[in-house]
Each structure stands twice: as C-alpha cells, then as structure tokens.
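Throughout, our numbering is defined as the position within the sequence shown, counted from one, plus 109. Worksheet: one structure, shown below.
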Amino acid sequence: MGENRSISVNIYGHSYRLRSPQGENHISELATELNGRMHEIANITPELSTHQVAVLAALRILEELNELKDEYAKGFQLALFKDFKHQAVQETLGGLKKQK
110 MGENRSISVN
120 IYGHSYRLRS
130 PQGENHISEL
140 ATELNGRMHE
150 IANITPELST
160 HQVAVLAALR
170 ILEELNELKD
180 EYAKGFQLAL
190 FKDFKHQAVQ
200 ETLGGLKKQK
C-alpha cells in the first residue's frame, strides 16, 4: 500500500495508464476482472458497441455491490439483535442471582 506508481492495463482492447495508492497488483486484478466481464457480455450479445458493453458491465457490478450491501446490512442487524439478546439474558441472569 502507499505506492502510487503508474501501471498500464488493457481493458477490452484499450490500453489505460492508471495509478492507485493500493498498488499495481490491485489495479491489474481489477482491470483483468473488468476485461473478463466485458468479454462475457460481448460474447452473449456481439452486436453491442464497446460503450454499451461497458455500461452493461457497470450495471452488473453495481447490482452485485447492492446485493452485497444488503447482505452486509442484514448480517449487521442480525449481529446487533444477537448482541442485544445476549445482553438481555445476562441482565436476567444477573437479576436472578441477586434474588437468591
């Protein structure tokens, strides 16, 4: 981390020079993933322009991101509920011990 060197990547036949504080490997992996997704879409519907393929890839990625956000939110709510339940049980047990 911390590096901010420039890296050349190829996405869907176009070369881009990119830089990120997360490093060259990170950018390279992202570019490879995006390139694969764009080729996947183009193989299904070859009549699409590069722009259309890119937009569909972006929409798919955003859909996946939203699903992950929803899953995270549900998991977070479940964790809060379990913590609340655990605290309630502890308080009940503490109250029972005081009654003895």
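Glycine included, each C-beta is placed from N, C-alpha and C at the ideal position.
Under 8 Å between C-beta atoms of residue i and residue j
i, j, result
"Ser129", "His123", "no"
"Arg169", "Arg146", "yes"
"Asn152", "Tyr121", "no"
Straight-line gap, residue i to residue j (C-alpha atoms, nearest Å)
i, j, result
"Ile150", "Ala166", "7 Å"
"Ser115", "Thr141", "16 Å"
"Glu176", "Lys207", "47 Å"
"Tyr181", "His195", "21 Å"
"Gln161", "Pro155", "11 Å"
"Asp192", "Glu173", "28 Å"
"Leu139", "Gly184", "26 Å"
"Gln131", "Leu171", "21 Å"
Residues sharing a beta bridge with residue i, DSSP
i, result
"Asn119", "Ser124"
Proximal residues to residue i (C-beta, below 8 Å), its chain only, five neighbours per side dropped
i, result
"Ile137", "Per the sequence shown, residue 137 should be read as Ser rather than Ile. Same-chain partners within the cutoff: Ile116, Val118."
Reference residue i, options the options, closest by Cα
i, options, result
"Val164", "Lys178, His148, Asp179", "His148"
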